[in-house]
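Engineer: One line per chain: the protein sequences are A and B, in this order. Counting with full-length UniProt numbering, you get residues 1 to 456 for the letters of the first sequence. Counting with full-length UniProt numbering, you get residues 1 to 456 for the letters of the second sequence. Every residue gets a Cβ at the ideal spot worked out from N, C-alpha and C, and that includes glycine. Since the model is a prediction, treat every value here as computed from it, not as a measurement. Before anything else, here's the structure in question.
There are 2 protein chains.
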Amino acid sequence: MSKPRQLKFGAMVHGVGHGWGEWRHPDAQADASTNFDWYKGQARLAEAAKFDFVFIADSLHIHEKSSPHYLNRFEPLTILSALAATTSKIGLVATVTVSYTEPFQVARQISSLDHISGGRAGWNVVTSWLSGTAENFSKSEHPPHAVRYRIAREHVSAVKGLWDSWEDDAFTHNKQTGEFFDRSKLHALNHAGDFFQVKGPLNIARSRQGQPVLFQAGTSEDGRNFAAEYSDAIFVHAESLEEAQAYYADLKRRAVGFGRNPDDLSILPGIRPIVGRNADEVEQRYQQAVQLVSIEDAIGALGRPFNDHDFSQYPLDAPFPDLGDLGANSQKGGSDRIKQQAREQNLTLRQVALDFSRPRREFVGTPEQVADQIQHWFEHGASDGFIINSLLPDGLKSFTELVIPVLQQRGLQRTDYSGSTLREHFGLAFPVNRHTAVRLSAATKVTDAEQSKVPA
Amino acid sequence: MSKPRQLKFGAMVHGVGHGWGEWRHPDAQADASTNFDWYKGQARLAEAAKFDFVFIADSLHIHEKSSPHYLNRFEPLTILSALAATTSKIGLVATVTVSYTEPFQVARQISSLDHISGGRAGWNVVTSWLSGTAENFSKSEHPPHAVRYRIAREHVSAVKGLWDSWEDDAFTHNKQTGEFFDRSKLHALNHAGDFFQVKGPLNIARSRQGQPVLFQAGTSEDGRNFAAEYSDAIFVHAESLEEAQAYYADLKRRAVGFGRNPDDLSILPGIRPIVGRNADEVEQRYQQAVQLVSIEDAIGALGRPFNDHDFSQYPLDAPFPDLGDLGANSQKGGSDRIKQQAREQNLTLRQVALDFSRPRREFVGTPEQVADQIQHWFEHGASDGFIINSLLPDGLKSFTELVIPVLQQRGLQRTDYSGSTLREHFGLAFPVNRHTAVRLSAATKVTDAEQSKVPA
């Protein structure tokens with residue numbers, strides 16, 4: 001009997017939370033975003049529940065109206081390196097932009113995290129959507145949306161090339177002969193593109209998982225194609241089962257179009273489950289979560305996909321304003337969807353804002369109800385797993401302690417790790433070094449040629 | 001009775017070692033440079049001996065003739081973040097270049113390390129001397145030596161400005177009123193210079209030590225002035241007591257010239273002690289260390305301060321070649337000294353190369369002899385402490401277990417930490433945030449004005 005297909009789980013560890021008001025919950029630690037003990041505790045909860053990975057989001061530009069979480073928080077690669085030392089199996093996924101970094105530095109730091117953690121690193125590739133970021137990085141302007149995806153392709157391709165600088169068996173460490181490495185297995189990259197020139201080689205070996213796992217979160221046309229071509233996993237926000245199913249089918253189809261096995265691309269919607277032991281507790285916890293979202297905070301949060309647009313200038317109960325092109329050069333996929341929904345359903349600004357920030361009903365319920373919902377999405381072409389973006393201070397704790405055991409009983413979630421790298425958790429094959437592949441293919445050709453000489 | 005002046009100690013944790021051949025020692029771990037357990041063990045040895053800090057060196061350009069240590073190693077900020085999680089008191093000093101980074105990213109990652117570690121971060125500011133680095137970072141050319149120091153001044157000043165984005169008491173976290181922070185205590189930087197434009201503010205608060213501690217290693221004229229103006233500590237290579245004394249006096253004088261208290265600038269020569277329990281063991285261990293340096297490796301190592309110049313083209317036993325300007329745009333201070341010494345003492349290339357790489361006799365001996373030497377330098381105007389750059393695989397272990405207790409008995413080295421931040425270990429005052437200082441000074445003026453109204 002073969003094992004049923006397994007869910008994949010990630011924990012978004014988010015300090016004081018994604019929303020504007022979550023830090024005001026009576027049990028919330030207001031300093032969570034720079035509290036190492038808090039991060040350590042969340043990562044351990046996720047590892048105890050045998051999650052595949054913890055996920056650290058990021059952004060690079062703040063102003064005085066930014067959400068509390070953005071204002072003061074750890075940088076992803078440093079906090080994940082610290083978490084590598086306090087966990088042993090769980091994957092560690094860092095959000096790092098391509099628009100304001102150099103491939104050499106990104107390749108090196110993520111690979112270093114990969115070595116520190118014994119092969120557990122992942123890179124969530126983002127292009128940065130707030131134009132103010134340019135002003136922090138000595139740039140005269142923020143690159144337009146389409147250019148950002150051209151940058152992303154070139155950046156990721158250079159990083160992946162650098163990660164193959166050393167073949168897996170390059171380091172011979174022969175103390176007798178003094179040969180530290182085999183020179184034929186070290187390769188310069190010599191990348192010369194439109195945006196980056198990177199000679200290489202990288203000054204760090206391949207890790208135990210060969211190359212770190214790639215994540216992306218694209219919803220625009222450019223974003224979807226980029227994700228389908230390069231990503232091992234996609235973090236997506238889905239409004240409904242139907243929307244998730246459409247996205248899932250579309251991305252798998254695109255992956256096939258790029259010559260890939262669609263099973264190698266995991267689609268992971270971000271969800272904010274609220275779990276209670278019974279109907280009363282569920283409703284009480286849900287109302288607590290709703291009350292954490294004030295209309296002022298919701299108006300602030302709504303601005304973000306529109307390049308931090310100030311929505312407080314419009315009347316709350318009039319129809320959602322006509323914004324023209326606003327958002328198209330920012331978070332294009334997300335802002336397009338908000339505009340479309342407001343137009344189709346004839347919503348007011350207040351409705352759109354609260355709908356954007358308030359918790360949904362989908363994954364709210366008793367442990368069995370939430371598990372049912374998860375199983376339903378998983379078995380009806382909507383997801384390969386989920387990224388848990390907790391809303392209440394004890395959200396990850398209650399999900400891992402109450403819902404995960406139900407899913408484990410159903411055989412949908414592992415009860416222990418079978419591998420030790422993130423790639424192994426995901427069931428992905430070890431990527432053969434490109435130079436080793438050439439070597440092997442040349443060797444095969446020689447063998448073929450040799451064989452053809454043999455008389456029949 | 002006041003406590004005698006205390007030594008400061010740093011441990012350079014260097015994987016397979018600074019030299020070309022150290023990995024060939026029978027007890028050496030050939031994979032040490034990417035072995036997290038090895039780094040963890042070294043950091044714990046240093047912390048058990050109550051060292052002030054561990055120090056991670058760095059470089060960004062390799063080629064097939066680079067030293068084993070450069071080829072494959074951890075990136076400093078990631079490995080130090082991991083060490084932050086496995087230590088509790090010792091300082092964590094990361095080498096990060098100013099020539100190929102943006103101030104926003106450097107300020108953020110070092111501050112994140114500072115928060116993770118509870119105020120134990122330090123930044124060793126380097127300008128990168130290998131011209132090949134440019135080719136890894138999409139740059140058409142490596143900036144000339146003098147320009148690199150102009151970049152350094154502007155970069156460091158922007159980073160320090162970003163570190164003051166938030167006043168220490170900016171985060172009010174008032175759950176009742178919903179005030180997460182006091183807007184009057186958030187400050188944009190608005191830096192617009194010759195090399196960098198950085199608006200800010202930084203998206204992370206000040207840490208427990210206010211600002212990370214600054215290190216530098218300048219020996220050229222530009223380097224000395226930069227170090228004397230900005231650094232809290234200087235890592236210096238000294239050939240002899242007299243040279244160390246001259247450097248020490250010069251740097252302290254320059255610090256005074258910049259209006260600083262010379263005690264706030266620690267001069268820390270890097271030394272490679274070899275310790276044995278008796279004269280026989282000392283000689284045996286010294287000879288072991290000498291034998292690890294082959295003439296081929298010494299020739300390779302010598303090239304580095306000269307922009308990885310290939311010295312194997314010259315006859316070994318002829319006088320040291322005339323190199324003209326070579327090295328002046330690379331490691332200027334170091335290469336100038338080598339040329340001057342070769343000329344003055346009429347040395348051959350073989351002599352210069354072996355002298356450059358072989359261990360010196362100064363800090364070789366029994367625990368008491370090495371402690372005597374350390375005390376002599378410390379008490380005769382040559383150093384405020386030392387950075388231990390171990391040569392043998394058990395070098396740090398034997399130094400901390402054999403020499404440190406002798407220094408502790410003499411009252412020169414702490415037997416326990418009295419503070420918990422690197423700044424406290426160094427006895428440096430907490431730096432007042434520049435905006436808080438303006439506020440306080442304005443308040444004082446108001447008070448003075450108020451008082452002047454009071455009739456006498």
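Can you find at least 3 beta carbon pairs, one from the region 43-60 of chain B and one from the region 112-129 of chain B, that sit closer than 8 Å?
Structural biologist: Touching, yes.
Engineer: Would you tell me roughly how many angstroms separate the C-alpha atoms of R439 of chain B and I299 of chain A, rounded to the nearest one?
Structural biologist: Going by the C-alpha atoms only, they are around 33 Å apart.
Engineer: Look up S335 of chain A in the DSSP assignment and give the residues it is bridged to.
Structural biologist: S335 of chain A is not bridged to any residue.
Engineer: Which parts of the region 374-406 of chain B are runs of the alpha helix (DSSP H), unbroken and 4 residues or longer, counting only runs that do not cross its ends?
Structural biologist: As far as the region 374-406 of chain B is concerned, its whole alpha helix (DSSP H) runs of at least 4 residues are 395-398.
Engineer: Quick one: which unbroken alpha helix (DSSP H) runs of 4-plus residues sit fully inside the region 134-205 of chain B? Chain order, please.
Structural biologist: Here the runs fully enclosed are 145-163.
Engineer: Would you tell me roughly how many angstroms separate the C-alpha atoms of R208 of chain B and D169 of chain B, rounded to the nearest one?
Structural biologist: Straight-line Cα distance between these residues: approximately 11 Å.
Engineer: Is there a Cβ from chain A that is less than 8 Å from the Cβ of I204 of chain B?
Structural biologist: Yes, I204 of chain B lies at the interface with chain A (some Cβ there is under 8 Å from its Cβ).
Engineer: Leaving out the 5 sequence neighbours to the left and right, which residues in its chain are closer than 6 Å to D114 of chain B when beta-carbon positions are compared?
Structural biologist: Cβ neighbours of D114 of chain B beyond the five flanking positions: A121, S207 and P212.
Engineer: So who's on the other strand from A94 of chain A, going by DSSP bridges?
Structural biologist: DSSP lists A:I56 and A:W123 as partners of A94 of chain A.
Engineer: Going by DSSP in three states, P262 of chain A sits in which element: helix, strand or coil?
Structural biologist: DSSP places P262 of chain A in helix when its eight states are reduced to three.
Engineer: Compute the distance between the beta-carbons of T78 of chain B and I404 of chain A, then report whether it is under 8 Å.
Structural biologist: No; because the gap between Cβ atoms is not below 8 Å, this pair is not in contact.
Engineer: Ignore the nearest five residues each way along the sequence and tell me which others in V93 of chain A's own chain have a CB closer than 6 Å to its CB.
Structural biologist: Counting only Cβ-Cβ distances below 6 Å, and skipping sequence neighbours, we find F53, F55, G122, N124 and F215.
Engineer: Whose Cβ in chain A lies nearer than 9 Å to the Cβ of I109 of chain B?
Structural biologist: The sequence as given places Gln at residue 109 of chain B; Ile does not occur at that position. Going along chain A in sequence order, the residues near Q109 of chain B (Cβ under 9 Å) are E75, L77, T78 and Q109.
Engineer: Is the region 144-158 of chain A close to the region 304-321 of chain A, with three or more CB pairs under 8 Å?
Structural biologist: With a cut-off of 8 Å, the region 304-321 of chain A and the region 144-158 of chain A do not count as touching, because too few Cβ pairs lie within range.
Engineer: What is the DSSP secondary structure of K445 of chain A, reduced to helix, strand or coil?
Structural biologist: Reduced to three states, the DSSP call for K445 of chain A is helix.
Engineer: Quick one: which residues of the region 175-203 of chain B get their C-beta closer than 7 Å to a C-beta of chain A? List them in chain order.
Structural biologist: Flagged, chain order: K175, G178, F180, F181, R183, L186, F196, Q197, V198, K199, G200, P201 and N203.
Engineer: Could you have a look at L440 of chain B and say whether DSSP puts it in helix, strand or coil?
Structural biologist: Of the three classes helix, strand and coil, the one that applies to L440 of chain B here is helix, per DSSP.
Engineer: Could you give the DSSP three-state label for T219 of chain B: helix, strand or coil?
Structural biologist: In the structure shown, T219 of chain B sits in coil (DSSP, three-state: anything other than H, G, I, E or B).
Engineer: Measuring straight from C-alpha to C-alpha, what distance separates S81 of chain A and A30 of chain B?
Structural biologist: Cα-Cα distance, rounded: 23 Å.
Engineer: Skipping 5 residues on each side, what residues in its chain have a beta carbon closer than 6 Å to that of P431 of chain B?
Structural biologist: Hits under 6 Å: G210 and Q211.
Engineer: What residue from A:A158, A:G218, A:W166 and A:R358 has the CA that sits closest to residue 488 of chain A's CA?
Structural biologist: It is not possible to answer for residue 488 of chain A, since the shown part of chain A is limited to 1 through 456.
Engineer: Name the residue from B:H63, B:A192 and B:Y248 whose alpha carbon lies nearest to the alpha carbon of A228 of chain B.
Structural biologist: The shortest C-alpha separation from A228 of chain B is found at B:Y248.
Engineer: Once you ignore the five residues that flank A188 of chain A on each side, which residues in its own chain have a CB closer than 8 Å to its CB?
Structural biologist: Cβ neighbours of A188 of chain A beyond the five flanking positions: S165, K199, G200 and P201.
Engineer: Which of the three DSSP states is assigned to S207 of chain A in this structure?
Structural biologist: Reduced to three states, the DSSP call for S207 of chain A is strand.
Engineer: Grab me the residues of F137 of chain B's own chain with a C-beta within less than 8 Å of its C-beta, minus the 5 sequence neighbours each way, in chain order.
Structural biologist: Excluding positions up to five away in sequence, the list reads L60 and Y100.
Engineer: Between N124 of chain B and chain A, is any beta-carbon pair separated by less than 8 Å?
Structural biologist: Cβ-Cβ to chain A under 8 Å: no for N124 of chain B.
Engineer: Looking at C-beta atoms only, is the number of pairs between the region 5-17 of chain A and the region 383-390 of chain A that lie closer than 8 Å three or more?
Structural biologist: Enough Cβ pairs lie closer than 8 Å, so yes.
Engineer: Ordered along the chain, which non-local residues of its own chain (more than five positions away) have a Cβ less than 8 Å from that of N278 of chain B?
Structural biologist: Within the same chain, N278 of chain B has close Cβ partners T366.
Engineer: Cβ of T86 of chain B less than 8 Å from any chain A Cβ?
Structural biologist: For T86 of chain B, the answer is yes, since a Cβ of chain A falls inside 8 Å of its Cβ.
Engineer: Consult DSSP for I271 of chain B and reduce its assignment to one of helix, strand or coil.
Structural biologist: If DSSP states are grouped into helix, strand and coil, I271 of chain B belongs with the strands.
Engineer: Kindly list the residues whose CB is nearer than 7 Å to the CB of P28 of chain A, restricted to its own chain and excluding five residues on each side of it in sequence; keep chain order.
Structural biologist: The residue you asked about is not Pro; residue 28 of chain A is Ala in the sequence shown. Contacts found: V16, E22 and P393.
Engineer: Could you tell me whether any Cβ in chain A is nearer than 8 Å to the Cβ of F53 of chain B?
Structural biologist: With 8 Å as the cut-off, F53 of chain B does not count as an interface residue toward chain A.
Engineer: Please state the DSSP three-state secondary structure of K65 of chain A.
Structural biologist: Correct three-state label for K65 of chain A: coil.
Engineer: Which residue's Cα is closest to the Cα of L422 of chain B: B:T415, B:S88, B:D310 and B:N261?
Structural biologist: Comparing Cα positions, the closest option is B:S88.
Engineer: May I ask you to verify whether the region 323-340 of chain A touches the region 269-277 of chain A, counting CB pairs closer than 8 Å and requiring at least 3?
Structural biologist: Verdict: no, contact absent.
Engineer: Does the Cβ of K252 of chain B have 16 or more other Cβ atoms within 10 Å, making it buried, or fewer, making it exposed?
Structural biologist: By the neighbour-count rule (16 or more Cβ atoms within 10 Å), K252 of chain B is buried.
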